[in-house]
Amino acid sequence: MKEHKPKNIFVQGPVVASFIGDSIHKHSSNTAIGGHSIFLGQVREDIIEGKKVIAIEYSTFEEMALEKMQTIRESIFEKYPLTCMHVYHSLGKVAAGEISLFVFASSAHRKACIAACEETVERIKAELPIWGKEIFDNETHQWKENK
Amino acid sequence: MKEHKPKNIFVQGPVVASFIGDSIHKHSSNTAIGGHSIFLGQVREDIIEGKKVIAIEYSTFEEMALEKMQTIRESIFEKYPLTCMHVYHSLGKVAAGEISLFVFASSAHRKACIAACEETVERIKAELPIWGKEIFDNETHQWKENK
Amino acid sequence: MQITILFFGQLTDITGMASIQLEDITDTDALALLLHQKFPALASSKYVMAVDKKVINSSTLLTNNCTVALLPPFSGG
Amino acid sequence: MQITILFFGQLTDITGMASIQLEDITDTDALALLLHQKFPALASSKYVMAVDKKVINSSTLLTNNCTVALLPPFSGG
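Protein chains in written order, with our numbering: chain A, 126 to 272; chain B, 126 to 272; chain C, 10 to 86; chain D, 10 to 86.
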């Protein structure tokens, strides 16, 4: 049994740069922080068999994804001395060049936030039930698979 | 002999969050990018022997620092398949809670930008002739030393 | 006994639907068999099953009002 | 023969100046000796020397118009 409802991580459409800037700005009031490590996933305009990816449309099994993310968050906080960590993932359509994942870890010293951010990104990609449908310029599509 | 003048990395005062947001936004036009890794160094309000750090004042041997940064940049680009990398470091006074270092690496796939960003941060701290003077709330100071 | 089956990602291209209600199925092996008959392309698709949001590794008994999700390989991020 | 000496970081707390011009010094060992006489607290300070922006590991001959920087431990970032 979870003690509280898992935190939401999903946003409709892309994560916009000004939101990231605002998010960074808010952390200036926490003067115990010495380092921030941020990862941003951006949709690539890949060419696959002559077709260009113009967007990725993300879907999820939301309840399961949020519970899983809560588990990941708890194990990351147990492992690293973090001040805070924020995760945002897009749902719906995100165009090439736009951002679909924003992971933001902060700590007093740099090693913890850098390691925590990287490990969280890897676990998000491997463990969260999220699917990306690559939309081509000829209106066909293909389902992405994480390496 | 360097072929061109090294790129400037220094900014007077703190790196502001809106500049970081703008910098991220500019990368949306490069649709070959799949991941960004960002490190931000923030001035901590440490308490040292009862005195509170209210700011760090940074100085440098600028010519040497820029040449060294150019060498680091070249070796990082040789080692990792990056799309681009940007580095900004403050000079002068940066108050507690403000940002003094901004390293921003981008690549097609996440592993390269994450590793490049971390290695660049470590090398900046170890190799660039930059000094931070911690200013206390009683107007005394102490020189910082990197671990 | 009522069971809700959820389909995700590329599996919805095969099923043409996001969910289906089925009755009186003993366990997940029996469910897989039934779904593969109903949607033959599922049999050659990669997926794991989650019963009430927990991924299972071996056949699991189904209970009334449980939810079984068919999860193809993840591709978030 | 003119040599420019630059002081950085905590060393400027000792010297009270950022640079000094000196003449006719053969090598960096002779320069260190002279500076330690002039600013005794330098002798017990941690620093490395850079001649024309290159950090040196052993005594190095000085040439006309060269610049020698005294660099205490770095603390950027």
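Where is the CB? At the ideal position from N, CA and C, for every residue including glycine. Please read all numbers here as calculations on a predicted model, not as lab measurements.
- In the structure shown, what three-state DSSP assignment does Phe227/A receive? strand
- Task: Compare the C-alpha of Thr35/C against each of Met26/C, Thr13/C, Pro49/C and Leu71/C and name the closest.
- Result: Minimum Cα distance to Thr35/C is reached at Leu71/C.
- Message: So that I know if they touch, is there some Cβ in chain A lying closer than 7 Å to that of Phe16/C?
- Response: no
- Message: Extract the residue ranges of the alpha helix (DSSP H) inside the segment 200-260 of chain B, only unbroken runs of 4 or more that lie entirely within it.
- Response: 235-252
- Starting from the C-beta of Leu80/D, find all residues in its chain whose C-beta is less than 7 Å away, skip the five residues before and the five after it, and write them out in chain order. Counting only residues of its own chain and dropping the five nearest sequence neighbours on each side, Leu80/D has a CB closer than 7 Å to the CB of Phe17, Tyr56, Val57 and Ala59.
- Length-filtered (3 minimum) beta strand (DSSP E) runs lying within the segment 17-63 of chain C: 28-32 and 57-60
- Message: Alpha carbons only, please: which of Leu44/D, Ile65/D, Asn73/D and Val64/D is nearest the one belonging to Ser28/D?
- Response: Comparing C-alpha distances from Ser28/D to each of Leu44/D, Ile65/D, Asn73/D and Val64/D shows the shortest one belongs to Leu44/D.
- Taking C-alpha atoms, which residue in Phe48/C, Ala50/C, Ala52/C and Asn73/C lies nearest to Asp33/C? With distances taken between Cα atoms, Asp33/C lies closest to Asn73/C.
- Query: Roughly how many whole angstroms lie between the Cα atoms of Phe186/A and Pro254/A?
  - Reply: Taking the straight line joining both Cα atoms gives about 6 Å.
- Item | Residues, ordered as in the chain, of the segment 60-74 of chain C that lie near chain A by beta-carbon distance below 7 Å | Lys62
- Task: Count the other C-beta atoms from every protein chain shown that fall within 10 angstroms of the C-beta of Met194/A, then say buried if there are 16 or more, exposed otherwise.
- Result: buried
- Touch check for the segment 234-247 of chain A and the segment 146-156 of chain B: three-plus C-beta pairs under 8 Å? no
- Message: Taking the straight line between their C-alpha atoms, what separation do you get for Phe144/A and Gly146/B?
- Response: If you take the alpha carbons of Phe144/A and Gly146/B, they lie about 8 Å apart.
- Item | Through-space distance from Glu203/A to Gly138/B, alpha-carbon basis | 35 Å
- Could you have a look at Gly146/A and say whether DSSP puts it in helix, strand or coil? helix
- Item | Supposed contact pair Arg169/A and Ala221/B - C-beta distance, whole angstroms, cut 8 Å | Contact doesn't hold; Cβ gap of about 39 Å is too wide.
- Task: With distances taken Cα to Cα, identify the nearest neighbour of Val228/B among Pro131/B, Gln167/B, Gly159/B and Trp268/B.
- Result: Considering only alpha carbons, the answer is Gln167/B.
- Query: Among the residues of its own chain, which have a CB less than 8 Å from the CB of Ile65/C, if the five just before and after it don't count?
  - Reply: Setting aside the 5 residues that flank it on each side, Ile65/C is surrounded in the same chain by Thr37, Val57, Met58 and Ala59, each with a C-beta closer than 8 Å to its C-beta; the list follows chain order.
- Hey, His161/B and Ser231/B are a contact pair by Cβ (cut 8 Å); roughly how many whole angstroms apart? About 5 Å; that satisfies the 8 Å criterion.
- Assuming Val77/D contacts Leu40/D (C-beta within less than 8 Å), just tell me the rounded distance between them. 6 Å
- Nearest neighbour of Ala50/D, chosen from Gln30/D, Gln19/D and Lys63/D [CA to CA]: Gln19/D
- Buried versus exposed, by CB contacts within 10 Å (16 or more), Met126/B: Note that Met126/B scores 46 on pLDDT, short of 50, meaning its location in the model is unreliable; the coordinates nonetheless yield the value given after this. Per the 10 Å Cβ criterion, exposed.
- Message: Run through chain A and tell me which residues come within less than 9 Å of Ala78/C, C-beta to C-beta.
- Response: Per Cβ cutoff of 9 Å: Phe186, Met189 and Pro254.
- Message: Residues of chain B with CB closer than 9 Å to the CB of Gln30/D, please, in chain order.
- Response: Chain B residues near Gln30/D: none, gap ~17 Å exceeds 9 Å.
- Could you check which residue in Val178/B, Glu259/B, Tyr213/B and Glu243/B has the C-alpha nearest to that of Tyr205/B? Glu243/B
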